[in-house]
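Reviewing the structure listed below.
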Amino acid sequence: MDDHKQVPRLSGTAIIAALKSAAISTVVALPDITTSHGLLWPLSRQNELRLVRVCKEDEGISICSALAYCNHRSVMLMQQTGLFDSLNAVRGIAVEYKQPVVMLVGLLGKEGGVPPDESKKYSVRTVQPILRAMEVDHICLESDEDVPGMIAAINRAYEISRPVVILFGGKIQS
Amino acid sequence: MMVRTEALTEIARHRADALVVAVYSSAFEWLDISPHPLNFLAVGAMGQASSSALGFAIGMPKKPIMVLDGDGSLLMNLGTLVTIANEAPDNLTHFVGENGCYEANGEHPTPGSGKVSFAGFARAAGYKTVMEFNDIETLRRDLPAFLASPGPRFASLRIQPNSVKRELDYSLVHGDAARKRFSDGLAADMAQQAR
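Those sequence lines, one after another, are chains B and X. First residue of the first sequence: 1, per our numbering; consecutive thereafter. First residue of the second sequence: 1001, per our numbering; consecutive thereafter.
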């Protein structure tokens, strides 16, 4: 078995450009080590997208939903542990109320180039089954080549007014 | 202590065109006291009212936003106080009805009932204006000045437990029809503001 697979590049620059392209105006966030250096720190140093730092992820689900009512597009950036912690808010506010809540989720512990479902880590391989059980659409970005799919997923979430989770399959580089 | 309907009636007198987020028993009473298209009662998960209100305050910075929270609800999301104070929306007013119990869930006491200070929490978190109202006369007298003070502002309202007994039909506050009524009302309001 090859444990030294080439890890694809997923860059924060490409993700931030995609967020702007999808007309996102606000990023609500809690730090996650897989997205910190490449995405959250760069976001904190620019002014085009508003950054709202929250204390707990479920706050962000509510904030994003309320912003959607006001015709503002936003995303909630967090780690999968935060997603687990906020599942009741996702259930009630995003799924049952049919709100376009877009969640960007770093997968702490995921092996590069390995699909989340096939991870050796319980905290990684359970993410997609839980999202399927909750009937939440999701995609996983492994490299910059996948980033256009993120724009399409965000646009679709707002067009059909449904939540979507965008999983980051690798540590985001700057 | 106050009867909650009396306190809500006082707040309603000063509502003007504010968007109001309300929870549990307050939400049902508010529907009767201040029916309005901009009543947002579909909080979706306990504790999330003030976070929804913050989203509205950010999304509509010129619109007065009020939240009628409960003590049990706020205990479930105390970090919201820090988040709101950090964002510091001037248009947000956060009321917390303190009745010391989970009224809609069997009237069990909230942890720390009578011992914790919600106003103290808000003050320490950094809300710009914090007040405590223990009786209706003081609320009636000081509410206008409180609402004119710098935001975000926070007020604890000492409420009698079990103020009003009623059957709670939750579809009235967060069913499809209720959410559509709010959504349509908000769209109309935003269109009017844009003119």
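For glycine and all other residues, C-beta sits at the position ideal for the given N, C-alpha and C. Fair warning: this is a prediction, and the values are worked out from it, not measured in the lab.
Cβ neighbours of residue i in the same chain (closer than 8 Å, five flanking residues each side left out)
i	result
leucine 1168(X)	Tyr1024, Ser1025, Phe1028, Ala1104
methionine 1001(X)	Asn1134, Asp1135, Arg1158, Ile1159, Gln1160
alanine 22(B)	Arg73, Met150, Ile151, Ile154, Asn155
According to DSSP, residues forming a beta bridge with residue i
i	result
phenylalanine 1153(X)	A quick correction: the sequence has arginine, not phenylalanine, at residue 1153(X). Answer by DSSP bridge pairing, in chain order: Thr1093(X), Thr1129(X).
alanine 1022(X)	Leu1068(X)
methionine 1002(X)	Ile1159(X)
alanine 29(B)	Arg53(B), Leu77(B)
Min CB distance residue i to chain X below 8 Å
i	result
glycine 82(B)	no
isoleucine 33(B)	no
histidine 72(B)	yes
arginine 45(B)	no
serine 65(B)	yes
aspartate 137(B)	no
methionine 1(B)	Because methionine 1(B) sits at a pLDDT of 44, beneath the cut-off of 50, its placement in the model cannot be relied upon, and the following sentence gives the value as read from the coordinates. So, not an interface residue.
Any C-beta of chain B under 8 Å from that of residue i
i	result
glutamate 1087(X)	yes
leucine 1168(X)	no
threonine 1080(X)	yes
alanine 1018(X)	no
threonine 1083(X)	yes
Beta carbon of residue i nearer than 8 Å to that of residue j
i	j	result
leucine 107(B)	glycine 60(B)	no
leucine 40(B)	isoleucine 16(B)	no
valine 101(B)	alanine 18(B)	no
leucine 1075(X)	threonine 1110(X)	yes
alanine 1178(X)	tyrosine 97(B)	no
isoleucine 160(B)	glycine 1044(X)	no
isoleucine 166(B)	threonine 35(B)	no
cysteine 70(B)	glycine 1059(X)	yes
Cβ-based neighbour list, residue i, same chain, cut-off 7 Å, excluding 5 preceding and 5 following
i	result
serine 86(B)	Glu57, Asp58, Ile61
aspartate 3(B)	At aspartate 3(B), the pLDDT of 49 sits below 50, so the modelled position is not reliable; the number obtained from the coordinates is stated separately. So no residue of the chain qualifies.
histidine 72(B)	Ser25, Thr26
serine 1051(X)	Asn1077, Thr1080
arginine 9(B)	Ser143, Asp144, Gln173
beta-carbon residue i near the ligand MN non-hydrogen atom, thresh 7 Å
i	result
alanine 1124(X)	In terms of ligand content, the structure shown is empty, and the ligand MN therefore cannot be addressed.
Element boundaries [beta strand (DSSP E), containing residue i]
i	result
histidine 138(B)	137-141
valine 114(B)	That residue, valine 114(B), is in no beta strand (DSSP E); it is neither H nor E in DSSP.
serine 1051(X)	First-last for serine 1051(X): 1049-1059, but that is the alpha helix (DSSP H), not the beta strand (DSSP E).
Neighbourhood of residue i by C-beta distance below 6 Å, restricted to the same chain and skipping five residues each side
i	result
isoleucine 1065(X)	Leu1019, Ala1053, Phe1056, Ala1057, Asn1091, Leu1092
lysine 121(B)	Gly109
methionine 1(B)	Caution applies to methionine 1(B), whose pLDDT of 44 falls short of 50 and renders its modelled position unreliable; the value that the coordinates give is listed next. Excluding positions up to five away in sequence, the list is empty.
leucine 83(B)	Val105
For residue i, the first and last residue of its enclosing alpha helix (DSSP H)
i	result
glutamine 80(B)	80-85
alanine 1148(X)	Run containing alanine 1148(X): none; DSSP gives neither H nor E here.
glycine 1185(X)	1176-1194
alanine 219(B)	In the structure as shown, chain B begins at 1 and stops at 174. Residue 219(B) is therefore absent and cannot be evaluated.
methionine 150(B)	147-160
* If you measure beta-carbon to beta-carbon, which residues of the region 1019-1051 of chain X are closer than 7 Å to chain A? -> The structure shown contains no chain A; the protein chains it does contain are B and X.
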